[in-house]
Each structure stands twice: as structure tokens, then as C-alpha cells.
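Asker: A single structure is presented below for examination.
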Amino acid sequence: MELLTQLMKVPSAALCLFALFFLLVALLKIKQVRLSVSMAASSGLMLAMAVILTAFPFYRMPNGGSVTLGGMLPLFFISFAYGPEVGMLAGFAYSLMNLVMAPYILHPVQVLFDYPLPFMALGLAGCFPRHHMAGITAAVAVRLFFHFLSGVVFFGSYAPAGTSIYLYSFVTNLTYLLPNLVICLVFYRLLPVERFLSLMKR
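Read in my numbering, the sequence shown has 168 at position 83, and its numbers run on one by one without any break.
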């Protein structure tokens, strides 16, 4: 109990333990993944598409984050086609590429909560095989949660005077994640997703 109290006095340490727990659970699930050649090829193509869509954002936030033309959608396709484990693995790979392309680093734990964890969370969309739009929404909500925690602990000093750091972090991250979610849902409705997924599964 005393250890828990001490950890709560150092938010970055508590977040680090939380991140390690999430990563451990995710790695245990990912360890079960057996990628075929076709799965690896399709996933690689989707990752490349995600990188291209992210490289040309409509808007880039001053402290990280951007609005893209459906940059998360290819990761959702991987999750729907091959399941959440492969989706989380793809999210991890994408997070490393995103970190190289657009790094914003304040602290090692902040990197975990702004890169690997939120993008691995997008793989959770695969937990909704029959309700894709609900899966997309839930996955983005979990991504928002990770960015929110990062914002509260590491970006709270950017909040205007008199503004709650919790409100500041939530609104700041929602400002770009909500438009991204809407764009992904619109494209999902417009594209022949089921046919596309069936091709990926061959």
C-alpha cells in the first residue's frame, strides 16, 4: 500500500508501470501470431499506405498529432482481416515509423504513451469482427485515453492559466482525433470494405 502511495506521487513512474503491464499483455498475445507470406505482404502494403496518408496531413497540431485523410484506416483493415493480435503488431510497427517521421519527445515514458501504446490500441478494432464501425470507434477511444494520460502528465504545463490540465489534455487530443475518427468512418462507409477484406484474407 505504501509503495502504491509513493508511486502515485510520481505520475511518470505509475504510468511506466501501467505501460509495461499493457505491453506485456499485448506481447503475450502477439507472440501467438503466425504470419503467412500473404498476411505479411498485405500488412506491409497497408502499413505503407498508412505512412503515405499520414505524411500529408490536413493539419498538424503544435504539440503533436495531425488530421489526415484516413491514416488510421489501413491499420483497421489489418485488424479486421487478421484479428487484434496482428493489428496490434502492425500498430507497433507503424508507431516506430511514425516516431521516425514526426518525433515529439519530452520523456521516455511519454514516448510510450504517444507512440507504441496508442497505435497498438488501434488493433483492438479487430475485437469487433461483426461491428466494424463500433470497433473503429472503440479503438480510437482507447488511443485517446493513452494520449490523454500523456497530456496530463507531460504536457500539463502548456495549459492556459486557470484551465484544468485534464480538460486541456482531453480537448487538445480530441481536437485532432475526432476529425480523424469521422474521416475513417466516412471512408469505411464509402469503400467496398468487405470485398477488400476478402481479398486480404486469400
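Don't be surprised by glycine CBs; every beta carbon is placed ideally from N, CA and C.
Computed from a predicted model, the values in this text were never measured in an experiment.
#1: Taking 8 angstroms as the threshold (C-beta atoms), are Gly241 and Asn258 in contact?
#2: Would you grab the beta carbon distance between Leu191 and Phe239 for me? Rounded to a whole angstrom, and I think it's under 8 angstroms.
#3: Determine the extent of the alpha helix (DSSP H) in which Thr139 is found, giving its start and end residues.
#4: Where do the N-terminal and C-terminal ends of the alpha helix (DSSP H) with Gln195 fall, by residue?
#5: Run through DSSP, which three-state label would Val118 get?
#6: Between Ala111 and Met182, how many whole angstroms is the CB-CB distance? I'm expecting something under 8 angstroms.
#7: Note down, in chain order, each residue of its chain lying with its Cβ closer than 8 angstroms to the Cβ of Gln117, except the 5 sequence neighbours on either side.
#8: Measure the C-alpha to C-alpha separation of Ala210 and Arg274 and round it to an integer number of angstroms.
#9: Which residues share a DSSP beta bridge with Ser151?
#10: Going by the beta-carbon positions, is the gap between Leu160 and Gly176 smaller than 8 angstroms?
#11: Please name the residue, chosen from Val225, Met205, Val256 and Met186, that lies closest to Leu109 on a Cα-to-Cα basis.
#12: Measuring alpha carbon to alpha carbon, tell me which residue in Pro203, Leu207 and Ile221 is nearest Phe233.
#13: What's the C-alpha gap between Ser123 and Phe213?
#14: Alpha helix (DSSP H) containing Ile250: first to last residue?
#15: Can you give me the Cβ contacts of Glu87 inside the same chain, cut-off strictly under 6 angstroms, excluding the 5 residues immediately before and after it?
#16: With respect to the alpha helix (DSSP H) encompassing Arg228, which residues constitute its N-terminal and C-terminal limits?
#17: Residues in the same chain with beta-carbon distance under 6 angstroms from Phe198, minus the five sequence neighbours each way, listed in chain order, please.
#18: Please report the distance separating the alpha-carbon of Ala166 from that of Lys286.
#19: Buried or exposed: where does Leu263 fall if 16 or more other Cβ atoms within 10 Å of its Cβ makes it buried?
#20: Measure the beta-carbon distance from Gly208 to Ser249 and round it to whole angstroms, keeping in mind my assumption that it falls under 8 angstroms.
Answerer: Taking the definition as stated:
#1: no
#2: 5 angstroms
#3: Val122 to Ala140
#4: Pro193 to Asp199
#5: coil
#6: Not really, about 18 angstroms apart at Cβ, beyond 8 angstroms.
#7: Glu170
#8: 16 angstroms
#9: Arg145
#10: yes
#11: Met205
#12: Pro203
#13: 23 angstroms
#14: Ile250 to Leu275
#15: With a pLDDT of 44 at Glu87, under the threshold of 50, the modelled position of this residue cannot be trusted, and the question is left open.
#16: His217 to Phe239
#17: Phe231, Leu234 and Ser235
#18: 6 angstroms
#19: exposed
#20: The Cβ separation is near 31 angstroms, so there is no contact.
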